[in-house]
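Engineer:
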């Protein structure tokens with residue numbers, strides 16, 4: 088087995104640098120050194136593979152057609168602008184009415200669906216009505232309608248039925264905590 092001394096020396100020097108010198112360097116210096124090393128590696132890689140980078144992308148073949156594409160779009164835009172300016176009012180109205188943006192279509196469909204929706208009064212069905220009755224029948228529920236105590240005969244009920252303010256965000260009164 089062969090032992091490559093230059094490789095071994097490089098590994099020992101790098102290990103010495105990593106374990107002895109690197110922990111004592113500040114983070115800003117480390118960031119700058121890492122950035123410089125990254126740029127140097129990129130430049131080295133590009134210089135090593137420059138011949139492969141010259142024809143590596145398919146877009147370079149289309150670069151010759153770019154002026155003709157731009158001129159074509161400009162020509163179509165100019166012709167349509169002249170037709171719009173020189174055309175009569177009925178041509179302008181027909182042209183403007185044919186173009187419908189997606190936002191207008193969405194707004195119209197929302198308006199139609201809200202017009203066809205049932206009213207909020209019909210939202211209660213058998214299930215929600217029974218759930219409301221069950222919630223209101225629970226003793227101690229603030230929303231349940233309990234008979235008001237008469238006189239001072241039952242003072243504990245008077246204090247217990249006193250309404251406390253609702254806790255914001257929780258939806259129930261402070262006495263139920």
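In my numbering, the protein residues as written are 88 to 264. For glycine and all other residues, C-beta sits at the position ideal for the given N, C-alpha and C.
Can residue 140 and residue 133 be called in contact, C-beta distance under 8 Å?
Structural biologist: Your numbering for residue 140 matches position 53 in the chain shown. Your numbering for residue 133 matches position 46 in the chain shown. Their beta carbons are under 8 Å apart, which means residue 140 touches residue 133 by this criterion.
Engineer: Quick one: Cα of residue 171 to Cα of residue 199, how far?
Structural biologist: As a first step, residue 171 must be located in the chain shown, where it is residue number 84. As a first step, residue 199 must be located in the chain shown, where it is residue number 112. Rounded to the nearest angstrom, the two C-alpha atoms are 33 Å apart.
Engineer: On the three-state DSSP scale, how would you describe residue 144?
Structural biologist: Mapped onto the chain shown, residue 144 falls at position 57. Three-state result, residue 144: coil.
Engineer: DSSP three-state label for residue 204, please.
Structural biologist: Sequence index remark: in the chain shown, residue 204 carries index 117 (1-based). Correct three-state label for residue 204: coil.
Engineer: Could you check what DSSP says for residue 189 in three-state terms: helix, strand or coil?
Structural biologist: What you label residue 189 is simply residue 102 of the chain shown in a count that begins at 1. Correct three-state label for residue 189: helix.
Engineer: Under the three-state reduction of DSSP, which class applies to residue 114: helix, strand or coil?
Structural biologist: Sequence index remark: in the chain shown, residue 114 carries index 27 (1-based). Correct three-state label for residue 114: helix.
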